[in-house]
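Enquirer: Protein chains in written order, with this note's numbering: chain Y, 48 to 161; chain R, 41 to 152. Here a beta-carbon is modelled for each residue, glycine too, at the ideal position from N, C-alpha and C. Note that the structure is a prediction, hence the values are computed from the model and not measured. Sharing a structure below in structure tokens format, with a few things to ask.
Written out as structure tokens, the structure is:
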């Protein structure tokens with residue numbers, strides 16, 4: 048079956064511009080996570096959605112970052128006024144609620160801020 | 041602060057050998073544990089999950105969990121060059137929070 052998809056795969060933007068990153072989770076997966084991975088670094092948790100519950104935004108690094116999930120499916124991560132330190136790979140993962148939380152990752156979006 | 045520690049490596053093993061990857065965690069109440077494989081330039085891929093003490097085998101992979109000692113390990117038997125990747129350990133905390141803590145990963149190199 049289809050896995051987690053993300054778009055775009057690559058995004059180059061100028062400092063100060065806004066960007067939107069999209070994640071389409073595995074059908075039926077109610078949990079959705081966003082992570083950031085800088086070059087050679089570990090995974091940094093950003094935000095977690097579970098069903099219709101309020102998202103856990105505890106990992107968002109600043110108020111320039113926001114995310115929404117529409118209809119319990121597709122999610123969009125928005126970064127406003129991008130900075131060079133935002134350059135990283137942004138990974139989305141989905142998980143089937145109640146199954147121990149095994150996560151299935153999308154291919155990621157590589158964001159480069161120039 | 042919940043921590044998951046892994047030796048960054050690289051761990052270098054010859055083809056056909058057993059590779060042993062280790063992970064320790066600080067949250068004694070952690071309930072579920074995962075190993076992900078990440079090839080260079082790719083996203084993490086789930087390879088094993090384990091929830092109770094002891095061993096869990098899946099093909100060439102064996103996950104071992106010891107909650108008393110707060111460590112989880114991954115053994116890869118008959119290592120192949122295609123196993124060369126970074127292996128991430130992830131731990132779910134207790135209390136129903138389903139935001140796992142990931143280790144920084146161990147780089148494994150299997151040389152012919």
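Taking any Cβ of chain R, which residues in the region 146-159 of chain Y have a Cβ under 8 Å from it, in chain order?
Expert: Going along the region 146-159 of chain Y in chain order, one finds 147, 148, 149, 150, 151, 152, 153, 154 and 155 with a Cβ nearer than 8 Å to chain R.
Enquirer: Under the three-state reduction of DSSP, which class applies to residue 122 of chain R: helix, strand or coil?
Expert: The answer is helix: DSSP assigns residue 122 of chain R an H, G or I state.
Enquirer: Please report the straight-line C-alpha distance between residue 125 of chain Y and residue 65 of chain Y, rounded to a whole angstrom.
Expert: Cα to Cα, the separation comes out at about 7 Å.
Enquirer: Closest to residue 152 of chain Y by CA distance: which of R/43, R/45, R/116 and R/77 is it?
Expert: Out of R/43, R/45, R/116 and R/77, R/77 has the C-alpha closest to the C-alpha of residue 152 of chain Y.
Enquirer: Leaving out five residues before and five after residue 57 of chain R in sequence, what residues of the same chain have Cβ atoms less than 7 Å from its Cβ?
Expert: The residues are 119.
Enquirer: Can you give me the C-alpha to C-alpha distance between residue 113 of chain Y and residue 87 of chain R, rounded to a whole angstrom?
Expert: Whole-angstrom Cα-Cα distance: 31 Å.
Enquirer: Could you check the C-alpha separation between residue 52 of chain Y and residue 93 of chain Y for me, to the nearest Å?
Expert: Near 18 Å, if we compare the C-alpha coordinates of residue 93 of chain Y and residue 52 of chain Y.
Enquirer: Going along chain Y, which residues have a C-beta under 8 Å from residue 143 of chain R?
Expert: Residues of chain Y passing the Cβ test: 89.
Enquirer: Closest to residue 56 of chain Y by CA distance: which of R/65, R/49 and R/83 is it?
Expert: Considering only alpha carbons, the answer is R/83.
Enquirer: With 16 other CB atoms within 10 Å as the buried threshold, where does residue 117 of chain R fall?
Expert: It is exposed - the Cβ of residue 117 of chain R has fewer than 16 other Cβ atoms within 10 Å.
Enquirer: Identify each residue in the region 111-129 of chain Y for which the Cβ-Cβ distance to at least one residue of chain R is less than 7 Å, and report them in chain order.
Expert: So nothing in the stretch comes that close.
Enquirer: To be precise: take each residue of the region 94-110 of chain Y, compare its Cβ to all Cβ atoms of chain R, and keep it if any distance is under 9 Å. Which residues remain?
Expert: From the region 94-110 of chain Y, only 95, 97, 103, 105 and 106 have a Cβ closer than 9 Å to chain R.
Enquirer: How long is the line joining the alpha carbons of residue 44 of chain R and residue 90 of chain Y, rounded to whole angstroms?
Expert: Each residue's Cα considered, the two are about 12 Å apart.
Enquirer: Check the Cβ of residue 138 of chain Y against every Cβ in chain C and list those closer than 9 Å, keeping chain order.
Expert: Note that chain C does not occur in the displayed structure, where the protein chains are Y and R.
Enquirer: From residue 69 of chain R to residue 105 of chain R, what does the alpha carbon distance come to, in whole angstroms?
Expert: Cα-Cα distance, rounded: 13 Å.
Enquirer: Out of curiosity, what's the CA-to-CA distance linking residue 48 of chain R and residue 140 of chain R?
Expert: The straight-line gap from Cα to Cα measures roughly 19 Å.
Enquirer: Determine whether the Cβ of residue 78 of chain Y lies closer than 8 Å to any Cβ atom of chain R.
Expert: With 8 Å as the cut-off, residue 78 of chain Y counts as an interface residue toward chain R.
Enquirer: What residues match up with residue 149 of chain R in a beta bridge as DSSP calls it?
Expert: DSSP output for residue 149 of chain R lists R/52 as bridge partner(s).
Enquirer: Does the beta-carbon of residue 156 of chain Y have 16 or more other beta-carbons within 10 angstroms, so that it is buried, or is it exposed?
Expert: The residue is buried, with at least 16 neighbouring Cβ atoms inside 10 Å.
Enquirer: Taking 6 Å as the limit between beta carbons, can you name the residues of its chain near residue 68 of chain Y, skipping five residues before and five after?
Expert: Closer than 6 Å at Cβ, skipping near neighbours: 124, 137 and 156.
Enquirer: From the DSSP output, in three-state form, read off residue 78 of chain R for me.
Expert: Correct three-state label for residue 78 of chain R: strand.
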